[in-house]
Amino acid sequence: MEEKNTYFGGFFKGLASLTTGLKTTMKEFFTPKITEQYPENRKELKMFDRFRGTLVMPHNEQNEHHCVACGLCQMACPNGTIKVTSETITTEEGKKKKILAKYEYNLGSCMFCQLCVNACPHGAITFDQNFEHAVFDRSKLFLTLNHPGSHVAEAKKAPAAEKPASDKAAAPKEKAE
Numbered sequence: 118m119e120e121k122n123t124y125f126g127g128f129f130k131g132l133a134s135l136t137t138g139l140k141t142t143m144k145e146f147f148t149p150k151i152t153e154q155y156p157e158n159r160k161e162l163k164m165f166d167r168f169r170g171t172l173v174m175p176h177n178e179q180n181e182h183h184c185v186a187c188g189l190c191q192m193a194c195p196n197g198t199i200k201v202t203s204e205t206i207t208t209e210e211g212k213k214k215k216i217l218a219k220y221e222y223n224l225g226s227c228m229f230c231q232l233c234v235n236a237c238p239h240g241a242i243t244f245d246q247n248f249e250h251a252v253f254d255r256s257k258l259f260l261t262l263n264h265p266g267s268h269v270a271e272a273k274k275a276p277a278a279e280k281p282a283s284d285k286a287a288a289p290k291e292k293a294e
């Protein structure tokens, strides 16, 4: 036998649905609100660990990276945002070796799928936590990753800049003697 919806059955079913919705609304109404004051808290703002910001190629202190120019990341990219240019050189032993000449990345067409990072067998590329990508000129979204950022270049230039200053300070002392 089929149950027929009676007037009072439908009324109580609707009332139960209404109380379920009100219970959820009132629970959210009394929970503390969390508002990020974004431009002011930029320094201490930390994105979650799995966030994909900008594709980077980490370099060490000697300006070396792990990329061997195999091109697997370029083949795995569905949008064609990565372009790997390689050169073949001859080593001192007479063997031919393929090296990375230029690693170009188009941030404007990247969909942050992480297929390139997963395809890299050497772990040469990764995503960082940077999320501020707003620019007025699209040409600034074309990045060359095999050249390190300014922090590595500045670290190398700083000791070189200190030596001439100490040599200049020593020169007047020698003249005085």
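Quick note on the working numbering: the sequence shown kicks off at 118 and runs consecutively. From the three backbone atoms N, C-alpha and C, an ideal C-beta is built for every residue, glycine too.
Residue environment, L217, which counts as buried when at least 16 other CB atoms sit within 10 Å
The residue you call residue 217 lines up with position 100 of the sequence shown. The residue is buried, with at least 16 neighbouring Cβ atoms inside 10 Å.
Starting from the Cα of H250, find the closest Cα among T152, F129, T171 and give me that residue.
As a working mapping, residue 250 is identified with position 133 in the sequence shown. Measuring from the Cα of H250, the nearest candidate turns out to be T171.
Roughly how many whole angstroms lie between the Cα atoms of Y220 and N158?
Mapped onto the sequence shown, residue 220 falls at position 103. Mapped onto the sequence shown, residue 158 falls at position 41. Roughly 33 Å between the two C-alpha positions.
Helix, strand or coil: which one does DSSP assign to V234?
Mapped onto the sequence shown, residue 234 falls at position 117. Helix at V234.
Cβ neighbours of S241 in the same chain (closer than 7 Å, five flanking residues each side left out)
The sequence position of residue 241 within the sequence shown is 124, counting from 1. Per the sequence presented here, residue 241 reads as Ala, with Ser not at that position. These residues qualify, in order along the chain: M174, H182, H183, C184.
With distances taken between CB atoms, is the gap from A236 to L189 smaller than 7 Å?
Taking the first residue of the sequence shown as 1, we reach residue 236 at position 119. Taking the first residue of the sequence shown as 1, we reach residue 189 at position 72. Yes; because the gap between Cβ atoms is below 7 Å, this pair is in contact.
Does DSSP put A186 in a helix, in a strand, or in coil?
Along the sequence shown, read from residue 1 onward, the residue named residue 186 stands at position 69. Three-state DSSP puts A186 in coil, outside helix and strand.
So, at 7 Å on beta carbons, what are the nonlocal neighbours of A288 in its own chain, with the 5 sequence-adjacent residues on each side left out?
Numbered from its first residue, the sequence shown carries residue 288 at position 171. Model confidence at A288 stands at a pLDDT of 42, short of 50, so the residue's coordinates are unreliable; what they give is reported in the following sentence. For A288, where only same-chain residues beyond five positions count, there are no Cβ hits under 7 Å.
Cut-off 8 Å between Cβ atoms - residues of its own chain near V252, not counting five sequence neighbours on either side
By 1-based counting over the sequence shown, the position of residue 252 is 135. Correct list, in chain order: L258.
Nearest-angstrom Cα separation, counted from C187 out to T243
Position 126 of the sequence shown holds residue 243. Position 70 of the sequence shown holds residue 187. If I take the Cα positions, the gap works out to 16 Å.
Tell me where the beta strand (DSSP E) around A218 begins and ends.
For this step, residue 218 is matched to residue 101 along the sequence shown. 213–223 is the extent of the beta strand (DSSP E) around A218.
Using the DSSP secondary-structure output, state which residues sit across from E204 in a beta bridge.
The residue given as residue 204 occupies position 87 in the sequence shown. Beta-bridge pairing links E204 to I216.
How long is the line joining the alpha carbons of F129 and M143, rounded to whole angstroms?
As a position in the sequence shown, residue 129 is number 12, starting the count at 1. As a position in the sequence shown, residue 143 is number 26, starting the count at 1. Near 21 Å, if we compare the C-alpha coordinates of M143 and F129.
Considering only the alpha carbon of each residue, which of T198, T208, Q246, G211 lies closest to M228?
For this step, residue 228 is matched to residue 111 along the sequence shown. It is T198.
Report buried or exposed for L162, applying the criterion of at least 16 other Cβ atoms within 10 angstroms of its Cβ.
Walking along the sequence shown from the start, residue 162 turns up at place 45. The residue is exposed, with fewer than 16 neighbouring Cβ atoms inside 10 Å.
Same chain, Cβ closer than 6 Å to G225, five either side skipped, listed in chain order
Taking the sequence shown and counting its residues from 1, the one referred to as residue 225 is at position 108. Within the same chain, G225 has close Cβ partners R255, L258.
Please determine, among D166, K215, V234, the residue with the shortest C-alpha to C-alpha distance to M192.
As a position in the sequence shown, residue 192 is number 75, starting the count at 1. Ranking the options by Cα distance to M192, first place goes to V234.
Below 7 Å between beta carbons: does that hold for Q246 and M164?
Numbered from its first residue, the sequence shown carries residue 246 at position 129. Numbered from its first residue, the sequence shown carries residue 164 at position 47. Yes; because the gap between Cβ atoms is below 7 Å, this pair is in contact.
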